[in-house]
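J.:
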Amino acid sequence: MSDTLTGRRSVRGGVGTSVPRPDATPKVTGDFEFLGDMHADGMLWGATRRAWVPHARIVQVDADAALAMPGVHAVLTQDDVPGHRYQGQAVTDQPVLAEGEIRYWGEPVAIVAADDPETARLAADAIVVDLEELDPLTDLEAALERGEIFRHVPVRRGNPDLHGEVVVEGTYITSTEDPAPLGTEAGLAIPDGTGGVDLWGPTQWVHIDLKQLAACLALAPDQVRVQPCRLGGAFGSREDLSLQTHIGMLALRVDRPVKMVYDRTESFVGHVKRHGSLMHYRHEADRDGRLVRVDARILLDGGPYQLTSNAVIANSTYFAVGPYRCDNVTVDGYALRTNNPPSGAMRGFGSNQPCFAAESQMDRLADALGLDPVELRLRNALRPGDQLATTGQVIEEPLPTDEVIRSVASIPLPDDGSDDDPRHLPGGTGLTTPRDRVVRGVGFAVGIKNLEFSEGFDDNAEARVVLTGDGAVVHTAAIEVGQGLVTVLEQIARSTLGVSQVRVAFDHTGQIGSAGSTSASRQTQMAGNAVLEAATAVRELALARVGGDDLDDDGVWRGDTLVASLAELTAEGPIEQHVDYHHRPTDEPDEAGQGNLHVDFCVAAHRAVVDVDPDLGLVRVVEIAIGQDVGRAMNPQQLLGQIEGGIAQGLGHAVMEEVVLDRGVIRNASFTDYLLPTCLDAPHVEAILIEQPSSWGPFGAKGMAELPTMSATPAVVAAIRAATGRPLTRVPVRPEDIVAPDDTGGRAR
Amino acid sequence: MIVTLEVNGEPRSAEVAGWESLLWVLRERLGLLGAKDACLQGECGSCSVMLDGALVCACLVMAADVEGAQVSTVEGLASRAGLHPVQRSFVDEGAVQCGYCTPGLVVATAHLLDERPDASHDDIREALSGNLCRCTGYGALVRAVAAARDAAATAIDPAPADGDSEDRS
Numbered sequence: 001m002s003d004t005l006t007g008r009r010s011v012r013g014g015v016g017t018s019v020p021r022p023d024a025t026p027k028v029t030g031d032f033e034f035l036g037d038m039h040a041d042g043m044l045w046g047a048t049r050r051a052w053v054p055h056a057r058i059v060q061v062d063a064d065a066a067l068a069m070p071g072v073h074a075v076l077t078q079d080d081v082p083g084h085r086y087q088g089q090a091v092t093d094q095p096v097l098a099e100g101e102i103r104y105w106g107e108p109v110a111i112v113a114a115d116d117p118e119t120a121r122l123a124a125d126a127i128v129v130d131l132e133e134l135d136p137l138t139d140l141e142a143a144l145e146r147g148e149i150f151r152h153v154p155v156r157r158g159n160p161d162l163h164g165e166v167v168v169e170g171t172y173i174t175s176t177e178d179p180a181p182l183g184t185e186a187g188l189a190i191p192d193g194t195g196g197v198d199l200w201g202p203t204q205w206v207h208i209d210l211k212q213l214a215a216c217l218a219l220a221p222d223q224v225r226v227q228p229c230r231l232g233g234a235f236g237s238r239e240d241l242s243l244q245t246h247i248g249m250l251a252l253r254v255d256r257p258v259k260m261v262y263d264r265t266e267s268f269v270g271h272v273k274r275h276g277s278l279m280h281y282r283h284e285a286d287r288d289g290r291l292v293r294v295d296a297r298i299l300l301d302g303g304p305y306q307l308t309s310n311a312v313i314a315n316s317t318y319f320a321v322g323p324y325r326c327d328n329v330t331v332d333g334y335a336l337r338t339n340n341p342p343s344g345a346m347r348g349f350g351s352n353q354p355c356f357a358a359e360s361q362m363d364r365l366a367d368a369l370g371l372d373p374v375e376l377r378l379r380n381a382l383r384p385g386d387q388l389a390t391t392g393q394v395i396e397e398p399l400p401t402d403e404v405i406r407s408v409a410s411i412p413l414p415d416d417g418s419d420d421d422p423r424h425l426p427g428g429t430g431l432t433t434p435r436d437r438v439v440r441g442v443g444f445a446v447g448i449k450n451l452e453f454s455e456g457f458d459d460n461a462e463a464r465v466v467l468t469g470d471g472a473v474v475h476t477a478a479i480e481v482g483q484g485l486v487t488v489l490e491q492i493a494r495s496t497l498g499v500s501q502v503r504v505a506f507d508h509t510g511q512i513g514s515a516g517s518t519s520a521s522r523q524t525q526m527a528g529n530a531v532l533e534a535a536t537a538v539r540e541l542a543l544a545r546v547g548g549d550d551l552d553d554d555g556v557w558r559g560d561t562l563v564a565s566l567a568e569l570t571a572e573g574p575i576e577q578h579v580d581y582h583h584r585p586t587d588e589p590d591e592a593g594q595g596n597l598h599v600d601f602c603v604a605a606h607r608a609v610v611d612v613d614p615d616l617g618l619v620r621v622v623e624i625a626i627g628q629d630v631g632r633a634m635n636p637q638q639l640l641g642q643i644e645g646g647i648a649q650g651l652g653h654a655v656m657e658e659v660v661l662d663r664g665v666i667r668n669a670s671f672t673d674y675l676l677p678t679c680l681d682a683p684h685v686e687a688i689l690i691e692q693p694s695s696w697g698p699f700g701a702k703g704m705a706e707l708p709t710m711s712a713t714p715a716v717v718a719a720i721r722a723a724t725g726r727p728l729t730r731v732p733v734r735p736e737d738i739v740a741p742d743d744t745g746g747r748a749r
Numbered sequence: 001m002i003v004t005l006e007v008n009g010e011p012r013s014a015e016v017a018g019w020e021s022l023l024w025v026l027r028e029r030l031g032l033l034g035a036k037d038a039c040l041q042g043e044c045g046s047c048s049v050m051l052d053g054a055l056v057c058a059c060l061v062m063a064a065d066v067e068g069a070q071v072s073t074v075e076g077l078a079s080r081a082g083l084h085p086v087q088r089s090f091v092d093e094g095a096v097q098c099g100y101c102t103p104g105l106v107v108a109t110a111h112l113l114d115e116r117p118d119a120s121h122d123d124i125r126e127a128l129s130g131n132l133c134r135c136t137g138y139g140a141l142v143r144a145v146a147a148a149r150d151a152a153a154t155a156i157d158p159a160p161a162d163g164d165s166e167d168r169s
């Protein structure tokens, strides 16, 4: 089981083992205290008054009736923001509360603190918001025409006059997707009695929250302690502030703790979504199927505020071609401002949309060439030493594109499924589909994405390791969102120190510096390397302190003699080391989008097998196989958890998950109407892990958790195309896209 | 009004308002925070509890309707001897990620295996389809339930359980 790198005895729960996560036990007993479970003596409850129109001018906000209600302690609006009135990670353009205009459906206008949640809700409803409705801008072409551009990312590479003999073109749409973490937004703010505040809210990076909160609350950074939170999932939705500034304002105003919890509908408008997109592609290849040029235009719907759209559109642009070689590339990526709900991060972070379009194009190209789709992909697969098609960056780290494709294609196909158990048929126990009407299809797709932050960002993570007689404690401000960072950091510390007794302490912003964001698949490598370096130094200090040559659970050894137990070793004080880890610098793009913009990449390939009822347009995903680049499998069980969970989200976006927008209004802001995959929708998963160690990740590990989602979506759609012959250029695929008359579009294959 | 009920074998009572649900009473009046509140529409199963022997979404049950009822929650499953076998297998099989859906799923699984100790792979998938999980993709969950089923069968009868956890369909 264990992987002993140091010490005389096997360290328990080291790197490479499927050790259970340390918080699993309190989570199965119900004792784990999530944000929404928190309580403080004397606390009030907050509620938010929202405007349920997508675009309007605010004529007047009248809080008199709400303030007159018994049990109401405060009603605050944008005029009450103590400091900077706007928030945002890079560009602060989002008003804390609506200012002058309503720019999206559900935008917060005012906040209330009251004795109990029902009073707070009724008071919020009693606030009179007088609006003059305006036309919402919700169409991407119109937004581009009007110049409502957050960021334009151009790529110009190679010779614009070179063309291929075989040309395929297509226009693709991906709808807006909700991250839909099971835990809704919740938070608690407690005034510290000296003008400052302790604040627990849904976050993936406490220090970026601190920067915004200190500015908005007009406090010094050491007066706001952003606390580590216990989240019910994230998937990107917690990267931007939701209720944190609001509860901070209320708590400071009433000088009492204030708690706020969103219900599901409020959660739909309270966190960012995966950008909806409109993409046009033209692929040109030679007769052998080698890509000669790719031209693409990618429009992302950012909603009204920039948030992370400037970085999301960079990913969409730089990964527009996928993991393939091509020397002549033109891409124009635009993140656009609209009155649709705010978009931001979601697992894959802008790489998923072009993955759907580009992989659909590769299938069209294979069809036009009469080539097998797997063979076409292998002929173009991006390998170490090649240049990324968009930025021209030479791939210097391991990148097993070939291997993930070959491995997934080598897995035997599942049997035909000849039984009549309705649970094995599209439509399920609805008994809509006889077996003899079922058509099977198989589809492939491949995805690539960057790891860590890119484009010149100085990306860092701090950690501190402290060794005492009781073992080691790892201190970090990195956020555990459920993915299992807590387990991996413990494993890294154990295998490095040689000591099994390790726990992770999640610190607040006043206790340790930034670990950066729990996003971009970065914490295994970033926080992981900080812990690796700190633990390495602690081990060396321990050996030096008593003149030993080895450390394990017993203590320090010299030859065969135990020279000091852990308690004796640390009797004069704990041994500790603090590390601020930075990955190697990356370039900012030049005006043609060229440069070494990324520190590393990860790839995965999916094969989907679907059964389709072509009469009703119902789909059952039978199996998804995946070949996944992992660098080194730190915890095989957790890796499989990321793979299966990611696949379910990718499948969801392929066949059911869509935020239904009607001129800016969300028509399905509930779990009754926004469909998430259930246990019966989840396919059998066959996974092959490709271990080609990273030169710089801890123990050779790579971040990987976004990839399982990305190419799952195009693989499922390719399989439905194979079964039905429909073009299917939009996700999610709806039943009407499958059963529509033939004249709605050409057949893809 | 005052509602009196039995929760995990203990008599409890609470002063409740007319709008309150059983979930609200458990969480806010009785301090039992295990059941969660992810959708409040009976779609996600995160608030699953047992009410007079039936598996219910506590968010859909009015507090006024539980007078005299017997309720058991996730907090009642573990004993002094340790975790309930279902809880143990959730931990061992990696069925827990963020954990928000976990208490509801643990209750639903314990109920399933009480009712159908020989539940097949497909029975498990169907029985748990009322509990949404956004993290795991359900693979580890189904493996955990099958492991708990097989462990229980082995405990009763040394013969191998008639399970079908290898069933790929």
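Protein sequences, first through last, are from chains V and P. Using the working numbering, the first residue of the first sequence is number 1, and each one after it goes up by one. Using the working numbering, the first residue of the second sequence is number 1, and each one after it goes up by one. All residues carry an ideal CB built from backbone N, CA and C; glycine is no exception. Owing to the predicted nature of the structure, the values given are computational and were not obtained by experimental measurement.
Do you know how far the Cα of R464(V) is from the Cα of Q577(V)?
T.: The straight-line gap from Cα to Cα measures roughly 6 Å.
J.: What does Y172(V) pair with, by DSSP beta-bridge criteria?
T.: Answer is M279(V).
J.: Return the chain-ordered list of same chain residues with a C-beta closer than 8 Å to the C-beta of H582(V), the five sequence neighbours on each side being excluded.
T.: Answer for H582(V): D458, D459 and N460, listed in chain order.
J.: Measuring only the C-alpha atoms, how far is E588(V) from E145(V)?
T.: Their Cα atoms are separated by approximately 27 Å.
J.: Helix, strand or coil, according to DSSP, for A120(V) in the structure here?
T.: Helix.
J.: Let's see if you can read the secondary structure: which residues bound the beta strand (DSSP E) around V621(V)?
T.: Its beta strand (DSSP E) spans residues L618 to D629.
J.: Under 8 Å, Cβ to Cβ, is there at least one residue of chain P near G633(V)?
T.: Sequence check: residue 633(V) is Ala here, not Gly. It does not; no Cβ of chain P falls within 8 Å.
J.: I'd like the list of long-range same chain contacts for L131(V), defined as Cβ closer than 8 Å, with 5 residues on each side in sequence excluded.
T.: The answer, listed in chain order, is A51, V53, A56, R57, I58, V59 and I102.
J.: Which first and last residues belong to the beta strand (DSSP E) in which G555(V) is found?
T.: Note, G555(V): beta strand (DSSP E), G555 to R558.
J.: Starting from the C-beta of P496(V), find all residues in its chain whose C-beta is less than 6 Å away, skip the five residues before and the five after it, and write them out in chain order.
T.: Residue identity check: residue 496(V) is Thr in the sequence provided, not Pro. Around T496(V): L532, A535 and T536.
J.: Mind listing, in chain order, the continuous alpha helix (DSSP H) runs of no fewer than 4 residues lying wholly within the region 201 to 270 of chain V?
T.: Correct list: 206 to 217, 244 to 254 and 264 to 270.
J.: Please list the partners that R44(P) has in chain V, where partner means a Cβ-to-Cβ separation under 8 Å.
T.: According to the sequence shown, residue 44(P) is Cys rather than Arg. Within 8 Å Cβ-Cβ: L182 and F671.
J.: Since S120(P) is in the beta strand (DSSP E), which residue starts that stretch and which ends it?
T.: Per DSSP, S120(P) belongs to no beta strand (DSSP E) and is neither H nor E.
J.: What residues are listed by DSSP as bridge partners for M710(V)?
T.: M710(V) is not bridged to any residue.
J.: What residue range is occupied by the uninterrupted alpha helix (DSSP H) comprising G645(V)?
T.: Taken as a continuous stretch (DSSP letters only), the alpha helix (DSSP H) holding G645(V) covers P636 to V655.
J.: Any beta carbon of chain P sitting closer than 8 Å to that of V269(V)?
T.: Output row for V269(V): interface = no.
J.: Is there at least one Cβ from chain P nearer than 8 Å to R538(V)'s Cβ?
T.: Here residue 538(V) turns out to be Val, not Arg, going by the sequence shown. No, no contact with chain P.
J.: Once DSSP output is grouped into helix, strand and coil, what is the label at R667(V)?
T.: R667(V) falls in the coil class under three-state DSSP.
J.: Could you list which residues in chain P have their beta carbon closer than 8 Å to that of I647(V), in chain order?
T.: The contacting residues are G137.
J.: Can you check whether the CB of L551(V) is closer than 8 Å to the CB of A544(V)?
T.: Cβ atoms of A544(V) and L551(V): not closer than 8 Å.
J.: In angstroms, rounded to a whole number, what distance separates the CA positions of G193(V) and D255(V)?
T.: Spanning the two alpha carbons is a distance of roughly 8 Å.
J.: Does the beta-carbon of E657(V) have 16 or more other beta-carbons within 10 angstroms, so that it is buried, or is it exposed?
T.: Flag for E657(V) reads buried.
J.: Please classify I127(V): does DSSP put it in a helix, a strand, or coil?
T.: I127(V): coil per DSSP, three-state reduction.
J.: Based on DSSP bridge pairs, tell me the residues matched to F601(V).
T.: BP columns for F601(V) point to N450(V).
J.: Report the three-state DSSP secondary structure of H606(V) (helix, strand or coil).
T.: Three-state result, H606(V): strand.
J.: G559(V): buried (16+ other C-beta within 10 angstroms of its C-beta) or exposed?
T.: Exposed, because fewer than 16 other Cβ atoms sit within 10 Å of the Cβ of G559(V).
J.: Do Q628(V) and I647(V) have their C-beta atoms closer together than 8 Å?
T.: Against a cut-off of 8 Å, the Cβ pair of I647(V) and Q628(V) comes out as no contact.
J.: Quick check on L250(V) - is its C-beta less than 8 Å from some C-beta in chain P?
T.: Answer no: the Cβ-Cβ gap between L250(V) and chain P never drops below 8 Å.
J.: Just mark P585(V) as buried or exposed, buried being the case when its beta carbon has 16 or more other beta carbons within 10 Å.
T.: With fewer than 16 other Cβ atoms within 10 Å, it is exposed.
J.: Roughly how many angstroms lie between the CA atoms of S46(P) and V292(V), to the nearest whole one?
T.: So the alpha carbons of these two residues sit roughly 52 Å apart.
J.: Taking contact to mean at least 3 C-beta pairs separated by less than 8 Å, is the region 22 to 30 of chain P in contact with the region 110 to 117 of chain P?
T.: As far as the Cβ criterion goes, the region 22 to 30 of chain P does not touch the region 110 to 117 of chain P, which means the pair count is below three.
J.: Can you say whether I2(P) is buried or exposed, counting buried as having 16 or more other CB atoms within 10 angstroms of its CB?
T.: Exposed, since its Cβ has fewer than 16 Cβ neighbours within 10 Å.
J.: Do L44(V) and D115(V) come within 8 Å of each other at the CB atom, strictly closer than that value?
T.: The answer is yes: Cβ separation under 8 Å.
J.: Using a Cβ-Cβ cut-off of 6 Å (strictly less than) and excluding sequence neighbours within five positions of H424(V), which residues of its own chain qualify?
T.: Cβ within range, chain order: G417.
J.: Kindly list the residues whose CB is nearer than 6 Å to the CB of P179(V), restricted to its own chain and excluding five residues on each side of it in sequence; keep chain order.
T.: Result list for P179(V): F235, G236, S237 and M346, in chain order.
J.: Going residue by residue through the region 431 to 500 of chain V, where are the continuous alpha helix (DSSP H) segments of at least 4 residues, counting only ones entirely within it?
T.: For the region 431 to 500 of chain V, whole alpha helix (DSSP H) runs of length 4 or above, ordered along the chain, are 485 to 497.
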